[in-house]
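Just so you know, we're using the numbering used here here: the sequence shown kicks off at -15 and counts up by one. The beta-carbon is built from N, C-alpha and C at its ideal position, and this holds for glycine as well.
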Amino acid sequence: MGAENTVTKADYYDVLGVQKAVDDNTLKSAYRKMAMRYHPDRNPGDKAAEEKFKELAEAYSVLSDPQKRAAYDRYGHDGLQAGGASVNPDVFTEFNDIFGDLFGFGDFFGMGGRRGAAGQSRTQRGEDVRYDLTIEFEDAMRGTAIEIQVPRLDACGKCRGKGAQADGLVTCPTCRGRGEVVFQQAFLQIRRPCTQCGGRGQLVRKACDGCRGEGYIRSERKLKVNIPAGVDTGTRLRLSEEGQPGAGGGPAGDLYVVIRVKEHPVFQRHDADLHCIVPVNVAQAALGTQVDLLTFDGLQAVKVPEGIQHGQQVRMRGLGVPRVNGNGRGDLVVHVEVRVPSKLTREQRKAMEQLLQLLPSENEPEDKGLFDKLKDFLVQ
Ligand SMILES: [Zn+2]
Ligand SMILES: [Zn+2]
């Protein structure tokens, strides 16, 4: 399909059997119908059908691209620059049912793989890899950098992952480079990846001596993972292109570091808030007190107001967990637990007995609302 073609080319609208004013959806379904009809799998050995199939793809490639279509409408085939009428595989991504994978499609039109240059073996992105990492609670609070060792397969530098010497690749004879084979069973076309070449479309005739033909080298890589403050159990950190290498020079997959944060003996985390329990005795609860608490921000004075009840909370703003998105910190919530002495010295007993005389006794049963309050107290 170039300037040297002296035969007058058919009108693209005629090729697809549509009107010039056709809308995108009609164009698409017209193309789908025609492509199915002239599909090489349905017309094995029929050269005319194959040519028609290619012609359809070219026509659709132009008319589904608004810029190319405008140029074509105005100037006809001359309006398309050299190469402008070439088939662009991107417009066919939604026709997977017709083409199977795009690589096979690209090969069919003599374009090679999507990422590789023409004539190279097809490229494939490497697999993503998961790495589970357990970190200390403190590290999750403050953020840290941790070095991890990741077993991985590195693309062989010598053959760039192809597994073959420079002239050591041949087109697979079984699938003729398409990477898949088609079986005919009654009316059914069944596509299978080619077993001889493993779907690669090429066979290694002279193995690379750097990797003994495997295309990759096993190694253990040390990676530094920057862990931002505020990560929680289940947080996934993505390390771009640190997964398995791609095939045929394709990009590597990604490495996902999945975080698990160890429990802390004192603090419990709920979202961005930290919770802890601080016991006080009855006198402290009645009179109020100040308790020194070792937090992630050093020693902090927790002011327990007088008359505090068991289970009530003292909230300390901004002393909780940093939010990963940089949006400030949560709070530190101190749950006050009022403890009654279980053993009294003689002196303490005397003081308690005096107190007993002075305090009013309020032993009437309260309404049931109290139970709801009690439930709150029980929550840690
Ligand atoms: Zn093959
Ligand atoms: Zn190699």
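Next item on the list: Out of 159, 128, 200, point me to the one whose CA is closest to residue 144's CA.
Entry: The shortest C-alpha to C-alpha distance from residue 144 to any of 159, 128, 200 is the one to 200.
Check: Which residue comes first and which comes last in the alpha helix (DSSP H) that contains residue 45?
Finding: Looking at the DSSP string, the run of the alpha helix (DSSP H) that includes residue 45 is 31 to 47.
Check: Which value, in whole angstroms, describes the spacing of the CA atoms of residue 279 and residue 298?
Finding: Going from the Cα of residue 279 to the Cα of residue 298 covers about 14 angstroms.
Item checked: Distance between beta carbons of residue 276 and residue 303, contact taken as under 8 angstroms -> About 14 angstroms separates the Cβ atoms of residue 303 and residue 276, ruling out a contact at the 8 angstroms cut-off.
Notebook entry, point to check: To the nearest whole angstrom, what separates the beta carbons of residue 211 and residue 130, a pair I think is in contact under 8 angstroms?
Noted result: Indeed they touch by this definition, with Cβ atoms about 6 angstroms apart.
Notebook entry, point to check: Using a threshold of 7 angstroms, is the CB atom of residue 108 nearer than that to any non-hydrogen atom of ligand 1?
Noted result: Not under cutoff, so the answer is no.
Item checked: Below 5 angstroms from a heavy atom of ligand 1 - residues by beta-carbon -> Result: 156, 158, 159, 178, 180, 181.
Checklist line | Assumed close pair residue 378, residue 163 - CB separation to whole angstroms, cut-off 8 angstroms | finding: Outside the displayed range of the chain (-15 to 364) lies residue 378, so it cannot be described from this structure.
Check: Roughly how many angstroms separate the alpha carbons of residue 118 and residue 259, rounded to a whole number?
Finding: Straight-line Cα distance between these residues: approximately 21 angstroms.
Next item on the list: With a 10 Å radius around its C-beta and 16 neighbouring C-beta atoms as the bar for buried, classify residue 188 as buried or exposed.
Entry: Burial of residue 188 is indicated by the presence of at least 16 other C-beta atoms within 10 angstroms of its C-beta.
Next item on the list: Identify whether residue 208 lies in helix, strand or coil by the three-state DSSP scheme.
Entry: Annotated three-state conformation of residue 208 is strand, per DSSP.
Check: Count the other CB atoms within 10 Å of the CB of residue 250; is the residue buried (16 or more) or exposed (fewer)?
Finding: Under this definition residue 250 is an exposed residue.
Next item on the list: Give the single residue among 257, 266, 229 whose Cα lies nearest to the Cα of residue 110.
Entry: The option with the nearest alpha carbon to residue 110 is 229.
Check: Residues bridged to residue -3 by DSSP?
Finding: Per the DSSP secondary-structure output, residue -3 pairs with nothing in a beta bridge.
Next item on the list: May I have the straight-line CA-CA distance separating residue 43 from residue 159, to the nearest angstrom?
Entry: C-alpha separation (whole angstroms): 28 angstroms.
Checklist line | Opening and closing residue of the beta strand (DSSP E) in which residue 56 lies | finding: First-last for residue 56: 50 to 59, but that is the alpha helix (DSSP H), not the beta strand (DSSP E).
Check: When burial is assigned at 16 or more other CB atoms within 10 Å of the CB, is residue 180 buried or exposed?
Finding: Looking at its Cβ environment, which holds fewer than 16 other Cβ atoms inside 10 Å, residue 180 is exposed.
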